[in-house]
Amino acid sequence: MIDNLNWEAASVFIAFFALVTVLGFVASRWKAGDLNQLHEWGLGGRRFGPWVTWFLLGGDLYTAYTVIAVPALVYAVGAFGFFAIPYTILIYPLLFAVFPKLWSVCREREYLTAGDFVLGHFGNRWLALAVAITGLVATMPYIALQLVGMEKVIEAMGFRGEGIWAHAPLTIAFIILAVYTYRSGLRAPAMIAFVKDIMIYIFVIAAVIVIPIKLGGYGAIFDSAGAAFEAKGGNTGLLLKEAQIWPYITLAVGSAMALFLYPHSLTGILAASGPGAIRRNAIALPAYSIVLAMIALLGLMGHAAGLKLSNPQDVVPQLFLKFFPDWFSGFAFAAIAIGALVPAAIMSIGAANTFTRNVWKPFVNPSLEGAEEAFIAKVVSVVVKVGALAVILLMPTKFAIDLQLLGGVWMIQIFPAIIFGLFTRLFSGWALLAGLIAGLASGTYLVWGPALTPIVPLGSVSVYAGLYALTINIAISASLSIIVIMMKRGSFSDASVKNYSDVNPGSS
Amino acid sequence: MLRAALLLTPCLLALCVWGYNSLEPQLFGFPFFFWSQILLIPISALFILAVYLLERR
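Sequences listed follow chains Z and G, in order. By this note's numbering, the letter at position 95 of the first sequence is numbered 95, and the numbering carries on one by one without gaps. When you read off a place in the second sequence, starting at 1, and then add 1000, the result is the number in this note's numbering.
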């Protein structure tokens, strides 16, 4: 089991893992609050200033799976994998324009989740339930994929297990994570995110300086990657093929629209101390996107380094083992593994808040509040992690990847309810529910096949299925809303929109 | 209007794939496709910063 273990790398790895475990428990005393209140446990009391939010959202959005999957895609197909860059360019203008306002509404009315907002805004608990379930179902496979990222680096350190021991390190790591998340809530990943993000910056900067020096510069890297793609043929290369351009654009747009609707992103945003903290982060968070671009380049370096990989997801770990001393590989692997813990914790908290507020409370126990509400959420955060672990232990990895892909297509379908709902009162709850269901159904139908494909034909081009289904969703939501307005003409009033006051940006 | 235009500009640049899907001109060995998109990341942050400063005034 540990005969081939790289002890030097493993020791550094375990040391950092122990450090963040301590932090996870200590975090319960940080910015002290009553952790028996859901907004304290699940949103850190909404007291994270601009700096903490920068680390927390950075740790939340740029996950371990991203660090493994983006370079894997670039290694496999080249230019198309770079769609992650326009995607991350699109998300911050959107964050700046929309989410400070959503924060203000949620603070004023003590909303913790997207479902809370929908319920308060439209007064339709079925729409709120649909929004909540969409978020829950999309988040589960995302948590599972964080485990895949973690397992890749544990494997790379030479751990080989038989039978039930195969996943022992992963299981232990997840149990520890579950315990301190239960105790400290969102404060745990917020504190650990400091360590994780600094480690990621260090290992990425080292990689993009040291590896090119050893490979003869960036020119040589692009040349050998180009030659490798030429030999491989198909839809690969250093540039996009004509047929890849619309998929590239629509995938970037669709992924950007979905990102901040995920429960874990919203949790990170709503935990900020105010609209000003969110605005400043829309300016400062792109620093992580530059790191992501550098990580993506590692995929091309894999070709220049002559790595022959049966699984492209091994490209980053193998590059480190090849070019760095073992102790530094251990450091980089620890960064990736901790990079899985932070989002996994926030995702489980986001899912727990959502389940407690929008499923359990309205449909099972309407009198739920205070310590009892927080208790349900804590238990759910553990259940969600056990579920994700079970998916990885019992199902093939492909199952989680397919579900995550579908999850993205589903998540974007709540865009009209949240974003249109924030700026206008024109849409009716039932119309949005019909549109949401149509979007979920058509998106699933479009993606479905012997192998799930997110890119589907539309006329003479191909586009991202999530965006395609969203247009169907919006068309139905809008036309049904118009019918509702016509029927209710006279009683319709726009008054409630005026109640939503955004905090004056000048005072932030 | 100015705010919306400033926020939309980097988005439109990022989506104008036909404008940057080429190898030349290269920079430090990077094909244009790669360095232009990476450069657009800090530029997009500057556009958002401009809106932020406009709002604070």
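Virtual Cβ for every residue (Gly too), placed ideally from N, Cα, C. Remember, it's a predicted structure, so these values are computed and weren't measured experimentally.
Under the Cβ distance rule, L1015/G counts among the residues neighbouring chain Z, one pair being separated by less than 8 Å. Taking a contact as a CB-CB distance under 8 Å, the pair V12/Z and W327/Z counts as one, their CB atoms being some 5 Å apart. Residues of the same chain with a CB within less than 7 Å of the CB of V70/Z, apart from the 5 flanking positions on each side, are G81, A84, L292, I295, A296 in chain order. Legend: CB atoms of the stretch 1035-1055 of chain G lying less than 8 Å from CB atoms of chain Z belong to residues Q1037, I1038, L1040, I1041, P1042, S1044, A1045, F1047, I1048, L1049, V1051, Y1052, E1055.
Counting only the Cα atoms, I455/Z lies some 16 Å from T236/Z. Counting along the chain, I295/Z sits inside no beta strand (DSSP E); it lies in the alpha helix (DSSP H) bounded by residues 286-304. Within 9 Å of the CB of P1025/G, no CB atom of chain Z is found; the nearest one sits about 13 Å away.
Excluding residues up to 5 positions away in sequence, V20, L23, G24, A27, G59, I338, L341, V342, A345 lie with their Cβ nearer than 8 Å to the Cβ of I192/Z in the same chain. Per the C-alpha coordinates, the member of H167/Z, A334/Z, K322/Z positioned closest to Y201/Z is A334/Z.
Judged by beta-carbon spacing, P189/Z lies beyond the 8 Å limit of L270/Z, meaning their Cβ atoms are not closer than that value. When DSSP states are grouped into helix, strand and coil, L458/Z belongs to the strand group. The stretch 161-170 of chain Z and the stretch 371-380 of chain Z do not touch, with fewer than 3 CB-CB distances between them shorter than 8 Å. In this chain, the alpha helix (DSSP H) harbouring Y468/Z covers 465-488.
Taking a C-beta distance under 8 Å as the contact criterion, P325/Z and T139/Z do not qualify as a contact pair.
Secondary structure in the stretch 324-358 of chain Z: the alpha helix (DSSP H) runs of 4 residues or longer, each lying completely within the stretch, are 326-355 in chain order. By a beta-carbon distance limit of 8 Å, L309/Z does not contact A79/Z. Their separation comes to about 19 Å.
For a Cβ distance threshold of 8 Å, residue set P93, F96, A97 of chain Z lies close to L1007/G, ordered along the chain. Taking all protein chains shown into account, A438/Z has 16 or more neighbouring C-beta atoms within 10 Å of its C-beta and is therefore buried.
At a cut-off of 8 Å between beta carbons, G1019/G makes no contact with chain Z. CA-CA distance, Q404/Z to K398/Z, rounds to 10 Å. A direct Cα-to-Cα measurement between F194/Z and V52/Z gives close to 8 Å.
The beta carbon of W360/Z is closer than 7 Å to those of L368, I376 in its chain, skipping five residues each way along the sequence.
By the Cβ-count criterion, V364/Z is exposed, with fewer than 16 other Cβ atoms from all chains shown falling within 10 Å of its own Cβ. Note that the stretch 375-393 of chain Z touches the stretch 345-359 of chain Z; at least 3 beta-carbon pairs, one per stretch, sit closer than 8 Å. The Cβ-Cβ distance between I472/Z and L436/Z does not fall below 8 Å. Secondary structure at F48/Z: strand, using DSSP grouped into helix, strand and coil. By the beta-carbon neighbour count (other beta carbons within 10 angstroms, threshold 16), K385/Z is buried. Around the CB of K196/Z, 16 or more other CB atoms lie within 10 Å, so the residue is classed as buried. Between M157/Z and N6/Z, the C-beta gap is smaller than 8 Å, which places the two residues in contact.
Taking a Cβ-Cβ cut-off of 7 Å, the neighbours of Y248/Z in chain G comprise V1017, given in sequence order. Ranked by Cα distance from F420/Z, the first of G466/Z, S481/Z, S460/Z, P362/Z is S481/Z. The C-beta of Y468/Z comes no closer than 8 Å to any C-beta of chain G. For G81/Z, the secondary structure class from DSSP, reduced to helix, strand or coil, is helix. For the pair L215/Z and A227/Z, the Cα-to-Cα distance works out to about 15 Å. With respect to the C-alpha of L393/Z, the residue from P141/Z, N36/Z, T134/Z having the closest C-alpha is P141/Z. Taking G459/Z as reference, the option from L433/Z, G429/Z, A243/Z, D3/Z with the minimal CA-CA separation is A243/Z.
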